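A.B. asks: Mapping the sequence shown onto this note's numbering, position 479 (from 1) lands on 508, and the numbers just tick up by one.
Below is the structure I would like to discuss, written out as structure tokens.
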Amino acid sequence: MIKKYINRVLFVSLASLLMLVQTFAQESDSTAVNLGYDIRVAADESAVAVGIASAKDLSKYFAINPSNALYGQIPGLTVLQNGGDFWSSESASMFVRGQANLDNTSAPLVLIDGFERKLSTITVEEIESVTVLKDAGATAIYGQRGANGVIVITTKRGKNEGMKVDISYEYSTNEPFRMPTMMDAYGYASAMNEALELDGQAHLYSKEQLDAYKNGMYPEYYPNVNWTDEVMRNTGFVHNFNTTFRGGTNKTKYYVAINYMDGEGLLKQDRNRENYSTQLNYRRANLRSNLDIQLTGTTQMKFNLAGRISGINQPGKANSENIMSLITGTPANAFPVQYADGSWGGSGIYKENPVADINQTGYGTGHERTLYADLTLIQDLSAITEGLSLSAAVSFDNNVIYWDQKTKNYAYVHRTADIDEITGQLYNFTSNSYGENTPLAYGTSFGGQNRRNDVIIKANYDQVWGKHKLNALALFHADNEVGYGKDLTFNRINYAGQFNYSFDKKYLAGLSLSYSGNNILPENNRFHFYPALSLGWMLSNENFLKDVSAINSLKLRASAGLSGLEPDVLYLHLPSYGDGHNYYFTDGNNSNSGLQENRRANPDIKPEKSLMTNIGLDANLFGKLSLNIDAFYEERSQILVSEASSTSKVMGVPATEVSDGIVENKGFELGALWQDNIGDFSYSIGAQYSLAKNKIIEQNEVFREWDHLKRTGHSVDQQFGLLDAGFWGVDDGLNGVDNISPDGIEYTYTSVLKPGDVKYVDQNGDNKIDEFDMVAIGKSWLPEVYYSFTLGAEYKGIGFNAILQGASNVTTMLNTPGVYRPLYNNNNISTFSNDRWTPETATTATLPRLSPEENMNNYRASTVWQRDASFLKLRTIELYYHLPESIVNKVKLKRAKVFFRGMNLLSFDDFEMMDPEETNLVYPTLKSYNIGLSVGF
């Protein structure tokens, strides 16, 4: 079995080497690699696969959430942008080497200074380095937490030098990266008439009404509202202040960071007549203090304390989660914003006035408090054995969220009138009132709390004798996490060891061992063993390469081993009960709900198991070129899947989950960085490329009669849909009374087949178009390919940096209501539908005909609605100027820098209306223009 894996990895590696012409790499740390648990191995003595981004790399981004500073920084790390609400506690979506399980629980473990913490709760300025652990040699030590990869965040610490003070201020203006263009009132009304006509129904709007929309006559009765312009202003802004103090002596070292950020969103306030703001506003204050104290000659203490206080203000009803739905979901002709008498517009169908929801529903204020505290004592035991030390670390973390609301409702009116065909005057006036004006009502709500405690005890042994060097450690890690709600207490224990050995700085070996468990699993199956072996060969230290001046460093490495992932569904080994059928009793025939078994217990639940092999090459050539190449193969097994397809319903108990799933994941990563100096001019050019391709081997799939329906054998989340063959035309011979096509195929998703409907391929030849004709189309929503390019140059203090990041082998299904799916269910319509079928556009149309009804034949997953979501974005560009010392010293500074940054300014893609990374109706992704100043004392 192992031989099969190794052969596959060797094949992938050879293919990678043949593609060396595409090679790119990242800058590697030349001193030490932080593997977590405060394990630090010299880079040239490590045989594991890791990727590193330094504080300098991260500083090129303006990122309120540090995850947004990681785009294109590290090979093997895929970072995808979510919505643009920077106040969200959710980070960008991150994946290490793609996805290797079935239920989208592929997020890596994130450690901050050795403890699991949320990356969104700290600032970029606090971070010294980000290390991504990618192979089993690096992740096995984390036991049941390591299979998805590990991201190790190291914060800055004090140095043995005089105090350095750095102060920076950055001002950012932001605007939507891309917004859908909705049709105006005339366009909407014309489209509705067209849809009704194609469905064989009478027009809803007369010519006079269409002219009124088009010409702006009678705006109160025939409005034409651009809701985007009414709701959103052109720009928002962010103020970001940072102050750090860093220094120390032989006895005490310190690092203190203070950050304050204040940002406002894009909502207009010009109709707000209240004495309070309903603008989206986010304020945050972060404080960090890292202390290193030499208590005695052999005892050291590290104490880290970090806190964050944040608050968000938002309208009582409209917020970042629903504002885009209000904007895109309300047609331009639905009602005016306000009538001349000040009444808010509204209707019985469209009950939410987007502008009123922002300005007249009060406001809510969210509060979040976060505390991170940890203490580590390190005792040097060299008096017992040279190189021996013992450390103990404890942590206490607490996060709480609560809300204060002062909300109210508003009254709104819908007024209509007809237009006389002869005189053009209004008549037949109607007015309907809805809702009521209410005073502000105060309320509070609790958003949740999370507490965590960790204890880590570690024995470490470092020894060098002759040409031999050994680092060995044994550790015990216990953590307790308590969430808000029922059954959200997690207890985990990890017994682990690691051995790193090198001989003559040429031959490297590492062994990692973990025996870990948790209270999620049944008692008899809680602990599992995870070993991994890594080997390395520093060829550049061999005699036959020592005198080759072009090769500064050349290392080959390989690893193989196991890591695990705990289940994300709790207590599957216990039976689950819920409300059952009613039981009637007593003379009054009263009823009471009984209990029934929701699913059976499965006492054999296991954690996911990742068997991964990796081979890699690291090189530094000509003193200027850094190269990194990795190829990997992973088999992820024991994945939770439903037993429904393998268990008879005769049992009478709903199916449970079983640990039977298997996914294969393989790929390679390449990286290159060229750095050079020519006199006062320095420059760098870099590139990275990652490929991660998975395949479902086993998922307990339900029986499917035809092979083209089977999901097993395809990638995880492979999109399935119908294959279109164009659109039915006017002259194609449709009878207009049933769903049978001229070639005798029954279209089961509609009762009447009409011109402009989508024509599909009958895959199984049964003369029906139904769910049995679905095939694999396109790719998954998660890119298989992730790449970036970096550029940088500096001349006498003037310089620039740029990062372009792209993704490919990714598709998405266009199903956003109103934007892509128009009219039905009272949806709006965007200009995207300009490419729809009509009798006049039959030869060029790319979209089906319009319909006011939910046409299940036309609006379903198919190649009509699938789009390539590949992109290449200019993630950041920075222009800066380091002021000369002659000027800086005059004002008693040691350094000063002014800079301009642009974020997400450009995207090269074939996507319409929305950001290819985010097609949901959330707060839009943003592009920003920043200017800043940093000075040092």
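Note that beta-carbon positions come from the ideal geometry of N, C-alpha and C, so glycine has one too.
Since this is a predicted model, take the numbers as computed values, not measurements.
Just to check my reading of the structure: Lys-437 and Ala-470 have Cβ atoms closer than 8 Å, yes? What is that Cβ distance to the nearest angstrom?
C.D. replies: 6 Å
A.B. asks: Three or more C-beta pairs closer than 8 Å, one from the segment 354–364 and one from the segment 104–120: is that the case here?
C.D. replies: Counting Cβ pairs under 8 Å, fewer than three are found: no touch.
A.B. asks: Pop quiz: Thr-202 and Tyr-958 are said to be a contact at Cβ under 8 Å. What is the actual Cβ separation, rounded to whole angstroms?
C.D. replies: Correct: roughly 5 Å between the Cβ atoms.
A.B. asks: From Leu-233 to Asn-351, what does the alpha carbon distance come to, in whole angstroms?
C.D. replies: When the Cα atoms are used, Leu-233 and Asn-351 turn out to be separated by approximately 29 Å.
A.B. asks: How about Val-366 and Glu-259: are their beta carbons less than 8 Å apart?
C.D. replies: yes
A.B. asks: Assuming the contact rule is C-beta atoms closer than 8 Å, Ile-151 and Asn-315 should be a hit. Round their C-beta distance to whole Å, please.
C.D. replies: 7 Å
A.B. asks: Cα-Cα, which of Gly-345, Gly-377 and Leu-400 is closest to Val-384?
C.D. replies: Gly-345
A.B. asks: Would you list the one or two residues that DSSP bridges to Glu-637?
C.D. replies: Leu-594
A.B. asks: Do Lys-243 and Tyr-217 have their C-beta atoms within less than 8 Å of each other?
C.D. replies: No, the Cβ-Cβ distance between Lys-243 and Tyr-217 is not below 8 Å.
A.B. asks: Taking all protein chains shown into account, decide if Glu-800 is buried (16 or more other Cβ within 10 angstroms of its Cβ) or exposed.
C.D. replies: exposed
A.B. asks: Quick one: Cα of Asn-509 to Cα of Asn-288, how far?
C.D. replies: 29 Å
A.B. asks: Out of Asn-838, Tyr-910 and Leu-876, which has the shortest C-alpha to C-alpha gap to Ala-898?
C.D. replies: Asn-838
A.B. asks: DSSP beta-bridge partners for Asn-21?
C.D. replies: Absent from the structure is residue 21, since the part of the chain shown begins at 30 and ends at 966.
A.B. asks: Could you tell me whether the Cβ atoms of Ser-592 and Ala-169 are closer together than 8 Å?
C.D. replies: yes
A.B. asks: Below 6 Å CB to CB, which residues in the same chain sit around Asp-86 once its five sequence neighbours on both sides are set aside?
C.D. replies: Gln-102
A.B. asks: For the structure I just gave you, are there three or more beta carbon pairs, one from the segment 397–408 and one from the segment 251–258, closer than 8 Å?
C.D. replies: no
A.B. asks: Is the segment 758–777 close to the segment 699–716, with three or more CB pairs under 8 Å?
C.D. replies: no
A.B. asks: Where does the unbroken alpha helix (DSSP H) through Val-917 begin, and where does it stop?
C.D. replies: 914–917
A.B. asks: Less than 8 Å between the CB atoms is what I'm expecting for Ile-634 and Leu-550, so what's the real figure, rounded?
C.D. replies: 6 Å
A.B. asks: For Ile-522, name the three-state secondary structure that DSSP assigns.
C.D. replies: strand
A.B. asks: Relative to the C-alpha of Phe-558, which residue among Lys-584, Glu-882 and Ala-525 is closest?
C.D. replies: Ala-525
A.B. asks: Please report the distance separating the alpha-carbon of Ser-688 from that of Asn-729.
C.D. replies: 10 Å
A.B. asks: Excluding sequence positions up to five away, which residues of its chain have a Cβ less than 8 Å from the Cβ of Ala-369?
C.D. replies: Glu-249
A.B. asks: Should Leu-406 and Ser-420 be called a contact, given that it needs their Cβ atoms to be closer than 8 Å?
C.D. replies: Yes. Within cutoff.
A.B. asks: Just how far apart, CA to CA, sit Leu-324 and Ile-182?
C.D. replies: Going from the Cα of Leu-324 to the Cα of Ile-182 covers about 26 Å.
A.B. asks: Distance, Cα to Cα, Lys-435 vs Asn-304?
C.D. replies: Cα to Cα, Lys-435 sits roughly 13 Å from Asn-304.
A.B. asks: Under three-state DSSP, which class holds Phe-532?
C.D. replies: Here Phe-532 sits in strand by DSSP.
A.B. asks: Which same chain residues, not among the five before or five after Val-759, have their C-beta less than 8 Å away from its C-beta?
C.D. replies: Pro-784, Pro-868 and Ala-871
A.B. asks: Under DSSP, the alpha helix (DSSP H) around Asp-258 begins and ends at which residues?
C.D. replies: 256–260
A.B. asks: Taking only runs that begin and end inside the segment 552–594, name each unbroken beta strand (DSSP E) of 3 or more residues, in chain order.
C.D. replies: Entirely contained in the segment 552–594, the beta strand (DSSP E) runs reaching 3 residues are, in chain order, 557–567 and 580–594.
A.B. asks: Measuring CB atoms only, is the segment 910–927 touching the segment 843–861, in the sense that at least three cross pairs come out at less than 8 Å?
C.D. replies: no
A.B. asks: By the 10 Å Cβ neighbour count, where 16 or more other Cβ atoms means buried, how is Ala-241 classified, buried or exposed?
C.D. replies: buried
A.B. asks: Beta carbon of Asn-723, beta carbon of Ala-78: below 8 Å?
C.D. replies: no
A.B. asks: Can you tell which of Gly-172, Arg-480, Val-848 and Leu-852 has the C-alpha that lies nearest to the C-alpha of Phe-505?
C.D. replies: Gly-172
A.B. asks: Pull up the DSSP beta-bridge partners for Thr-107, would you.
C.D. replies: Phe-124
A.B. asks: Would you check if the segment 584–599 and the segment 561–570 touch, i.e. whether three or more CB-CB distances between them fall below 8 Å?
C.D. replies: yes
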